[in-house]
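Novice: Sequence lines, in order, name chains E and R.
Residues in the first sequence are numbered consecutively from 9, following the numbering used here.
Residues in the second sequence are numbered consecutively from 9, following the numbering used here.
From the three backbone atoms N, C-alpha and C, an ideal C-beta is built for every residue, glycine too.
The structure displayed is predicted, hence computed values, not measured ones.
Please see the structure below; I have some questions.
There are 2 protein chains.
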Amino acid sequence: MLGLMQDWPLLCHKVLDHAARQHPRRKLISYTDDACVESNYAELRAQALRVAQRLTAEGVRPGERVATLAANGARHLAVWYGALGMGAVYHPLNPRLFPEQVAYIINHAGDRLLFVDPAYVPLLESLADRLTEVRRVVVLCDAARMPPTRLPGAIDYETWLAQVDGDFEWVRVDENAAAGLFYTSGTTGPPKGVLYSHRSIVLLSLTANAPDVYGLSARDVVLMAVPMYHANGWSWPFTVPMAGASLILPGSRLDGASLCEIASRHGATVSGGVPTVWQGFLDHTAKTGLRAPALRRLFIGGSPCPEVMLRAFAQDHGIEVIHVWGMTEMGPTGSACTPTPETAALDGPGRIAWQQRQGRVPFLVELKLADDAGQALPWDDQATGNLNVRGPCIVRRYFGAGDAPLLDDDGYFDTGDVGTIDGNGFIRITDRAKDLIKSGGEWISSVALENVAMMHPAVQEAAAIAVRHPRWDERPLMALVLKPGATLTQPELAEHLATRVPKWWLPDAVVFVEALPHTATGKLDKRRLREHYAGLLLTSGNKI
Amino acid sequence: MLGLMQDWPLLCHKVLDHAARQHPRRKLISYTDDACVESNYAELRAQALRVAQRLTAEGVRPGERVATLAANGARHLAVWYGALGMGAVYHPLNPRLFPEQVAYIINHAGDRLLFVDPAYVPLLESLADRLTEVRRVVVLCDAARMPPTRLPGAIDYETWLAQVDGDFEWVRVDENAAAGLFYTSGTTGPPKGVLYSHRSIVLLSLTANAPDVYGLSARDVVLMAVPMYHANGWSWPFTVPMAGASLILPGSRLDGASLCEIASRHGATVSGGVPTVWQGFLDHTAKTGLRAPALRRLFIGGSPCPEVMLRAFAQDHGIEVIHVWGMTEMGPTGSACTPTPETAALDGPGRIAWQQRQGRVPFLVELKLADDAGQALPWDDQATGNLNVRGPCIVRRYFGAGDAPLLDDDGYFDTGDVGTIDGNGFIRITDRAKDLIKSGGEWISSVALENVAMMHPAVQEAAAIAVRHPRWDERPLMALVLKPGATLTQPELAEHLATRVPKWWLPDAVVFVEALPHTATGKLDKRRLREHYAGLLLTSGNKI
């Protein structure tokens, strides 16, 4: 027997309808390279309807992908809602990927229409020969700022949009219809596409705004320092309007000085992003003494937030850092480190140690800690295993990857992250599975080694990777970048590490380098490091 | 093209799975008539699985209704989850309805299995002759407390449950399958059944726990003073475990002294209910000077919260009163009066006036203010119209009511409440449509008249109803209950009202009565008042 409630599909554009109806004048602030434009949700909706109408006139069909190559901005957001609102699929591209990867992704996704920031026109031009499907490029600017280009069908956004009147209604699609496409920048193999449905995005936005995850209210002003092209912008393009909060889209202004100035000018209460971006904010504010006084909560994810950063935000700014964990395949928000009664009273080192965890999962994310055979391990903060997840916002299979099974027999997806879970459900990620170092049958956490190395005042960045060893199978090699002007010897490093990690974890080799390779999302690229040191065979058997 | 995310149906028992997995030891405190039992979500889940297994053994089939006639308690809650978890439909009965209504509802729902508190056994026995389907009554107690009874198949809960071992798995049903059935206590016509689906309950619980509605965190301790049999217990039996908050089920102890003592003993941070229940709390604490110091937020719904109550909670207790609005047909939560930036800074009378509004709707509730022809009216705080709603948690049609169309052409349900909406989306309910008084073609709000009358220190309760009038069609009659020992003359009342409402609103007749009739949910029963005064024809044309 079925219930007798209304059939009301979970569609992404209804989020914008809600914001425009309930919070029509809530501010939407958007930075371009030369301006700051203040708008609101009612205007965003009107613009998105025009985009939807114009895309329809352009011949875009439901399910077709509409690509964007742009920083966070109101036009970019209008293209997302416009595309999904007429049944197409928005598909943001990460401009920081290697150009050949961008070309691969555009072709793999079958993008025919592409919206691009003026700043990325040269990048796109450099790829133009390799793009097999693109037939029209819309540059996100007005006619006056349109750069000269020979990209196919190039036109400026405002001229393109002026051809319709906005008299359009959203297309009602199945809630399981595709709405957004994101490729993972993966450090192994070619990029893989994750195809979000309307349903998965709406459900993720609902659960990600629980009080114990983002917890946004209509009084919040959210500075979106996470690029929209990273993992659905952490769902903020939907979560923020759903909450009726103000949204600030800072364009490419993600340097410390800009973040501080923008947050301070508009009274941002909440922000978030990867640690490197917010290290810039700390550096700038330490130098200048400036503050963003309304800023109270900062969600840090993508990489673990170093302890020194946690402390600096708390002590110098009164800003609470909240770890979040997730990935494109998870919709992307998987967990947040917000207190339970058991952890709420922690302070001092206990609190810092707790804050460094990746948090606990909200409803709609089912979590399993599994050994390599898929068997469940205890949540005792000791057993280390693979973090597997299941739920309506978790990937089932990759786009264009055929029917290759991605889930285990119980429907769980293996995140590739390795860690422990404590008795209160708090995850501690110790490594990426592929980055673990297996020495004599025992695991060494490369992340833990790196964190300890980075606590040394001379070290700016550290990377630990596995290198082959005839006796122990693998042993750690550590690559270090020192701070400008700083010096450090191998014995000094060994002394620093020896009191902080098990003795058998000490690296067998240390190399000092000018810089370390990073992926397009700013993470250490250990695959390239491993390739670089692939020929090395450690034989000393001696620790440093 | 469909998205490629996991197929994970929204099922109510997954809420309990989540709570048991992520918050296994979070306290569940349950009062019976002679005990206070402390348990947790892991134990609740284990018990619910046994209920599900036992119901299956009993021959209950998917879709069949399983009735409960009980106060808020852990066994009652285990029966809900057990029933829905094996595919059946939990169906709570309101013991405060007239006995003939209870019998009507049991038969109409086709209840064959009924779980009853020992205290309600006599009520059930008084109906036994009229129950056509009930074949088994399980009394929610252990063998030692089992009252002697000749109810069909009567057995105590613990003995009944002891016959299974709990080795059971939830049944995976369609997310649109029926999960819960609630009858409205309506003041017109026979009670009508609203059949919730798993999907509607899960979605309501997600959206009702947005930071701007209940906003519960895992640190909250929720004293559930709303009976579970009222409109799905405001969804708290699902919302609270979803948030990982502690839950206190106070049994029948809803008097002021008990509420204060229970809230204080267990550190309740949040509660809610109808105003009459919380008036008891205010009376008790005013008399005794006692406090519930952890209590910070109080959700008041069902009837408007009088201004004096708002003030008393704020000034004497530091408790924030938050108006909520909804009804069984809405899942039930429709709106909450939490601040937007425009209202957050209000204080003094402005804040009190704002707090008396019914609030704004969260995502998943679409709101239309309509005239009698269904045309949309402006949200200008002036235009008064019918509040229509649409969404996945709103009723489509009533249970067992055939295919009679209940929604308008756009899918909206008319709530029967009449009010205004301001430019920030805040609803102000001025009346039930059927309680409006139409005088010379203009509407008089009976609720507004009553509120103003109750501001007089001598007045304990007031009811305004329409009485026929040859010239004006309808004119107001006011029935008043005075406080013990207080006196009030008609001229004194007229003087009090005259400065606070339009002159033409002044009642044509005033009657002083010992008591006013109430419905089973504690609301003024204006239908009975109107019946009582149906013969009256006002002819004076003079106001009081």
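1. Under 8 Å between C-beta atoms, does R:N184 make it to chain E?
2. Closer than 8 Å, CB to CB, is E:N396 near chain R or not?
3. Note down, in chain order, every chain R residue with its Cβ under 8 Å from the Cβ of E:D439.
4. Secondary structure at E:P107, three-state DSSP: helix, strand or coil?
5. Over what stretch of residues does the beta strand (DSSP E) that includes R:M462 continue unbroken?
6. With H, G and I counted as helix, E and B as strand and the rest as coil, what does DSSP make of R:K446?
7. Could you pull the start and end residues of the beta strand (DSSP E) that R:C44 belongs to?
8. Drop a sphere of 10 angstroms on the beta-carbon of E:V316, count the other beta-carbons inside from all chains shown, and report buried for 16 or more, exposed for fewer.
9. Across which residues does DSSP place E:S279 in a beta bridge pair?
10. With 8 Å as the threshold, decide whether the Cβ of E:C536 is near any Cβ in chain R.
11. E:I473 and E:L537 look like a contact to me (Cβ under 8 Å); what is the Cβ gap, rounded to whole Å?
12. Classify E:G67 as buried or exposed, calling it buried when 16 or more other Cβ atoms lie within 10 Å of its own Cβ.
13. Quick one: Cα of R:G382 to Cα of R:D425, how far?
14. Work out the CA separation of R:A494 and R:I552 for me, nearest whole Å.
15. Between R:L10 and chain E, is any beta-carbon pair separated by less than 8 Å?
16. When you compare only the Cα positions, how much space is there between R:A276 and E:G223?
17. Is it right to say E:A43 is buried, meaning 16 or more other beta carbons lie within 10 angstroms of its own, or is it exposed?
18. What does E:G223 reach in chain R if we use C-beta pairs closer than 7 Å?
19. Please list, in chain order, the residues of the segment 380–408 of chain E that have any C-beta partner in chain R closer than 8 Å.
20. With distances taken between CB atoms, is the gap from E:I435 to E:G334 smaller than 8 Å?
21. Tell me the DSSP secondary structure of E:W8 in three-state form.
22. Smallest Cα separation from E:A364: which of E:N396, E:P349, E:I308?
23. For the segment 112–200 of chain E, list the beta strand (DSSP E) runs that are entirely contained and at least 3 residues long, ordered along the chain.
24. Enumerate in chain order the residues of its own chain whose CB-to-CB distance from E:R33 is below 6 Å, with the five nearest sequence positions on each side excluded.
25. Report the residue ranges of all alpha helix (DSSP H) runs contained in full by the segment 66–93 of chain R; include only those spanning at least 4 residues, in chain order.
26. Quick check on R:Q14: does DSSP put it in helix, strand or coil?
27. Please say whether R:A271 and R:A300 have beta carbons closer to each other than 8 Å?
28. Does the distance from the CB of R:V332 to the CB of R:F321 come in under 8 Å?
29. Pairing CB atoms from the segment 181–191 of chain E with CB atoms from the segment 78–87 of chain E, are three or more of them under 8 Å?
30. Run through DSSP, which three-state label would E:M486 get?
31. Please determine, among R:I429, R:G427, R:R398, the residue with the shortest C-alpha to C-alpha distance to R:L414.
32. Establish whether the CB of R:A251 and some CB of chain E are separated by less than 8 Å.
33. Using 8 Å for Cβ pairs, my map puts R:L131 next to R:P107. What's the rounded Cβ distance?
34. Counting only beta-carbon separations shorter than 8 Å, does E:P301 have a partner in chain R?
35. Using a Cβ cut-off of 8 Å (strictly closer), state whether R:R58 contacts chain E.
36. Expressed to the nearest angstrom, what Euclidean distance is found between the alpha-carbon atoms of E:V74 and E:V97?
Specialist: To lay it out plainly:
1. Here residue 184 of chain R is taken as the residue at index 176 of the second sequence, counted from 1. Yes - at least one Cβ of chain E is within 8 Å of the one on R:N184.
2. For the purposes of this step, residue 396 of chain E is taken as residue 388 along the first sequence, with counting starting at 1. No, because no Cβ of chain R sits closer than 8 Å to the Cβ of E:N396.
3. By one-based count along the first sequence, residue 439 of chain E stands at place 431. The contacting residues do not exist; E:D439 stays about 23 Å from chain R at best.
4. Within the first sequence, numbered from 1, the residue matching residue 107 of chain E stands at position 99. Helix, per DSSP.
5. Here residue 462 of chain R refers to the residue found at position 454 when the second sequence is read from its first residue. Not the beta strand (DSSP E): R:M462 falls in the alpha helix (DSSP H), residues 454–462.
6. The residue you call residue 446 of chain R lines up with position 438 of the second sequence. Strand.
7. Numbered from its first residue, the second sequence carries residue 44 of chain R at position 36. Taken as a continuous stretch (DSSP letters only), the beta strand (DSSP E) holding R:C44 covers 44–48.
8. Within the first sequence, numbered from 1, the residue matching residue 316 of chain E stands at position 308. E:V316 comes out exposed.
9. Position 271 of the first sequence, counted from the first residue, corresponds to residue 279 of chain E. Its beta-bridge partners are E:L231, E:L306.
10. On the first sequence, residue 536 of chain E is found 528 positions in, with the first residue counted as 1. Per the sequence shown, residue 536 of chain E should be read as Arg rather than Cys. It does not: the Cβ of E:R536 has no partner Cβ on chain R nearer than 8 Å.
11. Translated into positions along the first sequence, residue 473 of chain E becomes position 465. Translated into positions along the first sequence, residue 537 of chain E becomes position 529. The pair is a contact, with the Cβ atoms about 5 Å apart (cut-off 8 Å).
12. Residue 67 of chain E sits at position 59 when you count from the first residue of the first sequence. So E:G67 counts as exposed.
13. On the second sequence, position 374 is the one that residue 382 of chain R refers to. On the second sequence, position 417 is the one that residue 425 of chain R refers to. Distance between the alpha carbons of R:G382 and R:D425 is about 14 Å.
14. Numbered from 1 along the second sequence, position 544 holds the residue referred to as residue 552 of chain R. Numbered from 1 along the second sequence, position 486 holds the residue referred to as residue 494 of chain R. With a pLDDT of only 47 at R:I552, under the threshold of 50, the placement of this residue in the model should not be trusted, and no figure is reported.
15. For the purposes of this step, residue 10 of chain R is identified with residue 2 of the second sequence, where counting begins at 1. So, interface residue.
16. One-based indexing of the second sequence puts residue 276 of chain R at position 268. One-based indexing of the first sequence puts residue 223 of chain E at position 215. So the alpha carbons of these two residues sit roughly 21 Å apart.
17. Taking the first residue of the first sequence as 1, we reach residue 43 of chain E at position 35. Looking at its Cβ environment, which holds fewer than 16 other Cβ atoms inside 10 Å, E:A43 is exposed.
18. The residue labelled residue 223 of chain E in the question sits at position 215 within the first sequence. Ordered by position in chain R, the residues that pass the 7 Å Cβ test against E:G223 are P219.
19. R398, G399, P400, C401, I402, V403, R404, R405, Y406, F407
20. Working through the first sequence from its first residue, we reach residue 435 of chain E at position 427. Working through the first sequence from its first residue, we reach residue 334 of chain E at position 326. For E:I435 and E:G334, no; Cβs fall outside 8 Å.
21. Given a span of 9 to 552 for chain E in the structure shown, any question on residue 8 of chain E remains unanswerable.
22. Taking the first sequence and counting its residues from 1, the one referred to as residue 364 of chain E is at position 356. The sequence given here places Gln at residue 364 of chain E; Ala does not occur at that position. For E:Q364, the nearest C-alpha among the options comes from E:I308.
23. 121–124, 144–147, 186–192
24. The sequence position of residue 33 of chain E within the first sequence is 25, counting from 1. Cβ within range, chain order: N48.
25. 82–93
26. Residue 14 of chain R sits at position 6 when you count from the first residue of the second sequence. Correct three-state label for R:Q14: coil.
27. Walking along the second sequence from the start, residue 300 of chain R turns up at place 292. Walking along the second sequence from the start, residue 271 of chain R turns up at place 263. Against a cut-off of 8 Å, the Cβ pair of R:A271 and R:A300 comes out as a contact.
28. Mapped onto the second sequence, residue 332 of chain R falls at position 324. Mapped onto the second sequence, residue 321 of chain R falls at position 313. No; because the gap between Cβ atoms is not below 8 Å, this pair is not in contact.
29. no
30. In the first sequence, counting from the first residue as 1, residue 486 of chain E sits at position 478. Note: E:M486 maps to strand in three-state DSSP.
31. Numbered from 1 along the second sequence, position 406 holds the residue referred to as residue 414 of chain R. If we check each option's Cα against that of R:L414, R:R398 comes out closest.
32. Stepping through the second sequence from its first residue, residue 251 of chain R is reached at position 243. R:A251 counts as touching chain E.
33. Start at 1 with the first residue of the second sequence, and residue 131 of chain R comes out as number 123. Start at 1 with the first residue of the second sequence, and residue 107 of chain R comes out as number 99. Confirmed, about 7 Å.
34. If you number the first sequence from 1, residue 301 of chain E lands on position 293. Cβ-Cβ to chain R under 8 Å: no for E:P301.
35. Walking along the second sequence from the start, residue 58 of chain R turns up at place 50. With 8 Å as the cut-off, R:R58 does not count as an interface residue toward chain E.
36. As a working note, residue 74 of chain E is residue 66 in the first sequence. As a working note, residue 97 of chain E is residue 89 in the first sequence. The straight-line gap from Cα to Cα measures roughly 6 Å.
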